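Number of protein chains: 4
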Amino acid sequence: MANLDTIIKDLVIANRILAKEDVVDAYGHVSIRHPDNPKHFFISRSLAPELIEKEDIVELGLDGQPVRDDKRALYLERFIHAAIFEARPEVNAVVHAHAEDTLPFGIAAATKLKPVIHSGSFIGPNVPVWDIAKKFGATNVLVTNMAQGRDLAKCLGSNSVALMRGHGFASAGRSLIEVVRLSVYLPRNARALMKAKQLGGQIKYLSQGEIDSRARGYSPYSVETWRAWHYWATKAGVGDMVTRPDAPVAVSKKSTKKSAKKAAKKSKSAKGKKR
Amino acid sequence: MANLDTIIKDLVIANRILAKEDVVDAYGHVSIRHPDNPKHFFISRSLAPELIEKEDIVELGLDGQPVRDDKRALYLERFIHAAIFEARPEVNAVVHAHAEDTLPFGIAAATKLKPVIHSGSFIGPNVPVWDIAKKFGATNVLVTNMAQGRDLAKCLGSNSVALMRGHGFASAGRSLIEVVRLSVYLPRNARALMKAKQLGGQIKYLSQGEIDSRARGYSPYSVETWRAWHYWATKAGVGDMVTRPDAPVAVSKKSTKKSAKKAAKKSKSAKGKKR
Amino acid sequence: MANLDTIIKDLVIANRILAKEDVVDAYGHVSIRHPDNPKHFFISRSLAPELIEKEDIVELGLDGQPVRDDKRALYLERFIHAAIFEARPEVNAVVHAHAEDTLPFGIAAATKLKPVIHSGSFIGPNVPVWDIAKKFGATNVLVTNMAQGRDLAKCLGSNSVALMRGHGFASAGRSLIEVVRLSVYLPRNARALMKAKQLGGQIKYLSQGEIDSRARGYSPYSVETWRAWHYWATKAGVGDMVTRPDAPVAVSKKSTKKSAKKAAKKSKSAKGKKR
Amino acid sequence: MANLDTIIKDLVIANRILAKEDVVDAYGHVSIRHPDNPKHFFISRSLAPELIEKEDIVELGLDGQPVRDDKRALYLERFIHAAIFEARPEVNAVVHAHAEDTLPFGIAAATKLKPVIHSGSFIGPNVPVWDIAKKFGATNVLVTNMAQGRDLAKCLGSNSVALMRGHGFASAGRSLIEVVRLSVYLPRNARALMKAKQLGGQIKYLSQGEIDSRARGYSPYSVETWRAWHYWATKAGVGDMVTRPDAPVAVSKKSTKKSAKKAAKKSKSAKGKKR
């Protein structure tokens, strides 16, 4: 059970990071697949990501319904997660959000979102745009059932991100830390591309070879990836919750304690209650 | 009287949210109609929204004048509210503000502000631009009497928002929570459209059917709407003031207390004095 | 001497507001003319505006030199202030700053900065661009002597603001509160115009009649102007320093004390030391 | 050894400033050459700049390898620093970062980054763009060995900054305070130029004479430069660590103590632990 506890703690951290880094606001969510039961996943009950605690996490099945009898309200769009976990066995974490600077690329026909900066390489060479109206006509634009979720998952295909026209994006990763990082740098890559277009002339995108090389070198618990996870968690006020299961380099007791202290002090939002 | 007390508390929360979310600054205001007397409405005395407390709220008539003898200075532009309440019996709350990213759409002739993102659907398919100069010539651009207020209300018609050329916007809703949400997402929709225009090509606006579908599904006390209200209030440091009169899902004592505590700790501005 | 004390306190407040509102950073300054001796003015010693306290204020003559023997380092560009005070007897306060969004208008030849929003009206119908190179050739672009200051003042003429090519702006007002307000809204007006240009089509500027009407109605201690001053000071953490010498509407003891308390609590930067 | 201690303290301050001013995030680094041994330099171990303390600083040789036996993980891209120190004997400090608004200029072919504002003059008249793919083909875009570092240093030549296509920039200065200032104002200069391009018409760049005049007048411990360093350190919460070895104007005990106190109170991130 220690493992599940870590996973749920990491999911809380992920929510706080996405809120602090402006990927989600009152809306948007992140989920992680159950490590022992691939047909279940964890996600928060209906709550703004910045306010989520461990006890807010619920366990859902691949139909998007709660596994246990739980009367708490759930996210309307939990089917995005269910359908992607269903379609992609290798995916272990999913984010859905409305990060502002990704929106223009789902609305304007002329410019395709592609990686232009190294930290954006993980969005992959192809970012499809899903338009719910194509199959479902005049909806409220939300993904509120499995049929819609599956259509989105189909459009996503084997890619890492799909834009959702007039709405936001869905991203999928092999690990939680990976999908969070991808989702934080997605809007940054979008801004770099938008501004480059304004400067004019030919745009130098990352080459396929560069995208592949970066993907090959990626590891969710590498020193470099963990540096960002640790930093973002600290900024979000939950640095004291960070644990690193398979640290290749030992984190000394002293340094951990210090970081936790600093995290609590530094956090602008100072959610410093005992956990 | 408990009801009135709740309404005034909600109006304070609305002011703080609009300030925190950068919809208002030193200027801008929000009002709510008296629940028992449709010819009266509540609004703050002349004060920056971020500083407003319950005792700053005054009661005005549909002529924009105070109902009780009150020597405190009032907003010059309270006639915007009076005239909209007069013209629109179904409207119960009004916002007037100068949110920066709405301004370009009142100034530039070429691009009409329309919903391009789902959270912007509530601005409605038609956002008229009111130019005070058309009828009133060379004024100080402010709405300082009922004649000007009525001309604005006429331009607003049955729409949810009117832009005011070189000045800002006025928005109207059936409930306070609705008009606040609309006003928070209005600048975001404006930014998404501006950036989409820069990316070029055809713009995919929300369709009329999508706008209608979202309007039909909207409820000011739905789980989803309340999630944002609760989150924004918490961010603005007044999470402990939030009450939910007709909660479809019970908010447990424990969770409420926790949220209030977190709100007080999290609030950057920490207005944590007893209310 | 009480009067001088108030003026120096107001100058500290002005510095803090300009810092908090991103008009100045490590650089930029604001000055006020001596009320009893028009040939003297007050300005801080060389220090970042956000850090300035009452004891940092020095008294200079219209030659830009200190009146008293003072060994503390002074702003290199104090001659901007000296020369404008010399040329414009009706001007009582001057700001020089590098607010980021004013810079493009001093660099790009095609678009003239003019008022497009009501809060920008005070920059006036004509904002000249001064280029130091025209008369002084290849300098370090700074105004470091009276000859350069006088050339800038000549370019400013009877206007409220002059842009300084590749550098920033200088603004002048009849009162401190006026020049601060103008300087805060100047970058906002610049942004609104830049974005309107991007939206395309004809731009509706404020008309001359509207600019005149607003200028006529302006008073540095009106309820409306003071609302902003009080709010900005509170945001900047110096709300407790605010005093209002000629208040047309009495500020109750209670409300003042409350505001001061809130200011101290709210201030993100919490410079809460006793003054 | 007092000298070394000061240098390491200054390097911590530099890291904190670059983080606070949004030049670096989880990634990016700054280094300083050993004052007594030009073949060594100091840089942090692999850690986000905002979290760095004195004990995180390591000493490396010009091959990018640690001088002492140290098992802590190092920055992958430390070879950027090593190669620039190797190629440029007069350079004593180096920054590598991904500041967002510098990125478009490395991606878009049409617009060259050049100084348009006085604070941007220190980037120099020529900012080359280095493309790692030109010599090394399809890499992960990172500079992970001396060969790549040397190729970048060659492209940098005698300039102050080189943009790195799809990645970021490397900047070099005679002193730490100089390279930090350059790196803070580099993105600001980039934004001013981008926006000027949007306004249209001819762009007025700083002239060669102006760039030269400013470079001649620059001194890392001038009153003006130190004002920014002191201010930025205070904002970043490490104002109490600032010392000024060769102060031309005495900093009074009282003022220093006051500043340190204010720094601790003001710092939003309040890392107020004893050092």
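Residue numbers (the working numbering), protein chains in the order written: chain A, 1 to 275; chain B, 276 to 550; chain C, 551 to 825; chain D, 826 to 1100. Glycine included, every Cβ here is placed at the ideal spot set by N, Cα and C. The model shown is predicted, which means the values in this text are computed figures rather than measured ones.
TODO: Tell me, please, whether the CB atom of ARG724 (chain C) is closer than 8 Å to any CB atom in chain D?
DONE: Working through the third sequence from its first residue, we reach residue 724 (chain C) at position 174. Cβ-Cβ to chain D under 8 Å: no for ARG724 (chain C).
Open item on the list: With a threshold of 8 Å between beta-carbons, can GLY993 (chain D) be considered close to chain C, or not?
Closed with: Sequence index remark: in the fourth sequence, residue 993 (chain D) carries index 168 (1-based). Taking CB atoms only, GLY993 (chain D) has no neighbour in chain C less than 8 Å away.
TODO: Given a cut-off of 8 Å, decide if GLY424 (chain B) and VAL418 (chain B) are closer than it, judged by their beta-carbon atoms.
DONE: Here residue 418 (chain B) is taken as the residue at index 143 of the second sequence, counted from 1. Here residue 424 (chain B) is taken as the residue at index 149 of the second sequence, counted from 1. Annotated as proximal: VAL418 (chain B) and GLY424 (chain B), with beta-carbon spacing under 8 Å.
TODO: Figure out for me which residue from D:ILE882, D:HIS859 and D:HIS992 has the closest Cα to the Cα of ASP956 (chain D).
DONE: Numbered from 1 along the fourth sequence, position 131 holds the residue referred to as residue 956 (chain D). Checking every option, the nearest Cα to that of ASP956 (chain D) belongs to D:HIS992.
Open item on the list: Are the CB atoms of LYS570 (chain C) and LYS785 (chain C) within a distance shorter than 8 Å?
Closed with: The residue you call residue 785 (chain C) lines up with position 235 of the third sequence. The residue you call residue 570 (chain C) lines up with position 20 of the third sequence. Yes.
TODO: Please state whether DSSP places ALA362 (chain B) in a helix, a strand or coil.
DONE: What you label residue 362 (chain B) is simply residue 87 of the second sequence in a count that begins at 1. Correct three-state label for ALA362 (chain B): helix.
Open item on the list: Could you tell me the alpha carbon to alpha carbon distance between SER733 (chain C) and GLN890 (chain D), rounded to whole angstroms?
Closed with: Here residue 733 (chain C) corresponds to residue number 183 of the third sequence, with the count starting at 1. Here residue 890 (chain D) corresponds to residue number 65 of the fourth sequence, with the count starting at 1. Their backbone Cα atoms lie some 51 Å apart in a straight line.
Open item on the list: Please return the same chain residues whose Cβ sits closer than 6 Å to the Cβ of ASN676 (chain C), not counting the five positions on each side in sequence.
Closed with: Here the question's residue 676 (chain C) lines up with position 126 in the third sequence. Cβ contact annotation for ASN676 (chain C) (same chain, cutoff 6 Å, sequence separation greater than five): ASN709, in chain order.
TODO: Take every Cβ of the segment 853-873 of chain D, pair it with every Cβ of the segment 1021-1041 of chain D, and state whether three or more of those distances are shorter than 8 Å.
DONE: Judged by Cβ distances under 8 Å, the segment 853-873 of chain D makes no contact with the segment 1021-1041 of chain D, as fewer than three pairs qualify.
Open item on the list: Between which residues of its own chain and PRO128 (chain A) is the CB-CB distance below 8 Å, once the five residues before and five after are set aside?
Closed with: Locating residue 128 (chain A) in the first sequence gives position 128, where the first residue counts as 1. So the qualifying residues of the chain are CYS155, LEU156, GLY157, ASN159, ALA162 and LEU163.
TODO: Say whether the segment 354-364 of chain B touches the segment 297-313 of chain B, bearing in mind that this needs 3 or more beta-carbon pairs closer than 8 Å, one atom from each stretch.
DONE: The segment 354-364 of chain B makes contact with the segment 297-313 of chain B; the number of CB pairs closer than 8 Å reaches 3 or more.
- [ ] Tell me, please, whether the CB atom of LYS536 (chain B) is closer than 8 Å to any CB atom in chain C?
- [x] Against the second sequence, residue 536 (chain B) aligns to sequence position 261. Residue placement at LYS536 (chain B) is poorly supported in this model, since its pLDDT is 42, which falls under 50; the coordinates are not used for a value here.
TODO: Please decide whether GLU330 (chain B) counts as near chain A, where near means a Cβ-Cβ distance under 8 Å.
DONE: In the second sequence, the residue the question calls residue 330 (chain B) occupies position 55. For GLU330 (chain B), the closest Cβ of chain A is not nearer than 8 Å.
Open item on the list: In whole angstroms, give me the CA-to-CA distance for MET1019 (chain D) and ILE1028 (chain D).
Closed with: Stepping through the fourth sequence from its first residue, residue 1019 (chain D) is reached at position 194. Stepping through the fourth sequence from its first residue, residue 1028 (chain D) is reached at position 203. CA-to-CA, the gap between MET1019 (chain D) and ILE1028 (chain D) works out to about 10 Å.
Task: Cross-chain neighbours of GLU925 (chain D) in chain A, by beta carbon under 8 Å - done: Along the fourth sequence, one-based indexing puts residue 925 (chain D) at 100. Within chain A, the residues placing a beta-carbon under 8 Å from that of GLU925 (chain D) are ARG188, ARG191 and ALA192, ordered along the chain.
Task: Secondary structure of LYS1096 (chain D), DSSP reduced to three states - done: Along the fourth sequence, read from residue 1 onward, the residue named residue 1096 (chain D) stands at position 271. In this prediction, LYS1096 (chain D) has a pLDDT of 36, which is less than 50 and means its spatial position is unreliable; nothing more can be read from the coordinates.
TODO: Tell me, please, whether the CB atom of ILE558 (chain C) is closer than 8 Å to any CB atom in chain D?
DONE: Numbered from its first residue, the third sequence carries residue 558 (chain C) at position 8. No - not a single Cβ of chain D is within 8 Å of the one on ILE558 (chain C).
- [ ] Please list the segments of the alpha helix (DSSP H) lying wholly inside the segment 120-161 of chain A, counting only runs of 4 or more residues, in order along the chain.
- [x] Complete alpha helix (DSSP H) runs here, min 4: 132-136 and 146-156.
Open item on the list: In this structure, how does DSSP classify ILE882 (chain D) when only helix, strand and coil are distinguished?
Closed with: In the fourth sequence, the residue the question calls residue 882 (chain D) occupies position 57. Annotated three-state conformation of ILE882 (chain D) is strand, per DSSP.
Open item on the list: Using a Cβ-Cβ cutoff of less than 6 Å, which residues in the same chain neighbour ASN649 (chain C) once the five nearest sequence positions on both sides are dropped?
Closed with: Position 99 of the third sequence, counting from 1, holds the residue named residue 649 (chain C). Correcting the residue identity first, residue 649 (chain C) is Ala in this sequence and not Asn. Excluding sequence neighbours, ALA649 (chain C) sits near VAL573 and PRO737.
Open item on the list: For a cutoff of 8 Å on Cβ pairs, would you count PHE961 (chain D) as touching chain A?
Closed with: Against the fourth sequence, residue 961 (chain D) aligns to sequence position 136. For PHE961 (chain D), the answer is no, since every Cβ of chain A falls outside 8 Å of its Cβ.
TODO: Throw me the rounded Cβ distance for the ALA97 (chain A) and PHE169 (chain A) pair, which I believe falls under 8 Å.
DONE: Counting from 1 along the first sequence, the entry for residue 97 (chain A) is found at position 97. Counting from 1 along the first sequence, the entry for residue 169 (chain A) is found at position 169. About 6 Å; that satisfies the 8 Å criterion.
- [ ] Establish whether the CB of PRO248 (chain A) and some CB of chain B are separated by less than 8 Å.
- [x] Looking up residue 248 (chain A) in the first sequence gives position 248. Annotation note: pLDDT 41 at PRO248 (chain A) (below 50); position unreliable, coordinate value reported separately. With 8 Å as the cut-off, PRO248 (chain A) does not count as an interface residue toward chain B.
TODO: Quick one: residues in its chain with C-beta nearer than 6 Å to the C-beta of PHE947 (chain D), no 5 flanking neighbours on either side, listed in chain order?
DONE: Here the question's residue 947 (chain D) lines up with position 122 in the fourth sequence. So the qualifying residues of the chain are LEU1007.
TODO: With 8 Å as the threshold, decide whether the Cβ of SER733 (chain C) is near any Cβ in chain G.
DONE: Absence of chain G from the displayed structure is noted, the protein chains being A, B, C and D.
- [ ] Consider the Cβ of LYS754 (chain C): report whether some Cβ of chain D lies at a distance smaller than 8 Å.
- [x] As a position in the third sequence, residue 754 (chain C) is number 204, starting the count at 1. Among the CB atoms of chain D, none fall inside 8 Å of the CB of LYS754 (chain C).
Open item on the list: Can you pull out the residues from the segment 655-667 of chain C whose beta carbon lies closer than 9 Å to at least one beta carbon of chain B?
Closed with: In summary, the residues of the segment 655-667 of chain C whose CB is separated from some CB of chain B by less than 9 Å are PRO665, VAL666 and ILE667, in the order they occur in the chain.
TODO: Taking C-beta pairs closer than 8 Å, name the residues in chain B that ARG165 (chain A) reaches, listed in chain order.
DONE: Start at 1 with the first residue of the first sequence, and residue 165 (chain A) comes out as number 165. Neighbourhood of ARG165 (chain A) in chain B, by CB distance below 8 Å: LYS479, in chain order.
TODO: Using three-state DSSP, classify LEU481 (chain B) as helix, strand or coil.
DONE: Within the second sequence, numbered from 1, the residue matching residue 481 (chain B) stands at position 206. Three-state result, LEU481 (chain B): coil.
Task: Contact with chain B by TRP782 (chain C), beta-carbon distance below 8 Å - done: Position 232 of the third sequence, counted from the start, is the residue given in the question as residue 782 (chain C). In terms of beta-carbon proximity, TRP782 (chain C) lines the interface with chain B, with at least one pair separated by less than 8 Å.
Task: Rounded C-alpha distance that separates THR491 (chain B) from TYR1010 (chain D) - done: Residue 491 (chain B) sits at position 216 when you count from the first residue of the second sequence. Residue 1010 (chain D) sits at position 185 when you count from the first residue of the fourth sequence. What sits at residue 491 (chain B) in the sequence shown is Arg, not Thr. Distance between the alpha carbons of ARG491 (chain B) and TYR1010 (chain D) is about 50 Å.
- [ ] Since I believe ALA447 (chain B) is in contact with ILE288 (chain B) (beta carbons under 8 Å), could you give me their beta-carbon distance rounded to a whole number of angstroms?
- [x] Here residue 288 (chain B) corresponds to residue number 13 of the second sequence, with the count starting at 1. Here residue 447 (chain B) corresponds to residue number 172 of the second sequence, with the count starting at 1. Rounded, the Cβ-Cβ distance is 19 Å, inconsistent with contact.
Task: Close Cβ partners of GLU86 (chain A) (< 6 Å) along its chain, the five nearest in sequence each way excluded - done: As a first step, residue 86 (chain A) is located in the first sequence; it is residue number 86 there, counting from the start. Spatial neighbours of GLU86 (chain A) in its own chain (CB-CB distance under 6 Å, excluding positions within 5 residues in sequence) are listed in chain order as LEU62.
Task: Cut-off 6 Å between Cβ atoms - residues of its own chain near VAL729 (chain C), not counting five sequence neighbours on either side - done: Here residue 729 (chain C) refers to the residue found at position 179 of the third sequence. Hits under 6 Å: ALA643, VAL645, SER721 and GLY723.
- [ ] Under 7 Å between beta-carbons, which chain D residues line up against VAL223 (chain A)? List them in chain order, please.
- [x] Locating residue 223 (chain A) in the first sequence gives position 223, where the first residue counts as 1. Simply SER871 and ALA898.
Task: The alpha helix (DSSP H) enclosing ALA647 (chain C), as first and last residue numbers - done: One-based indexing of the third sequence puts residue 647 (chain C) at position 97. ALA647 (chain C) -> not in any alpha helix (DSSP H); beta strand (DSSP E) instead, spanning 643-647.
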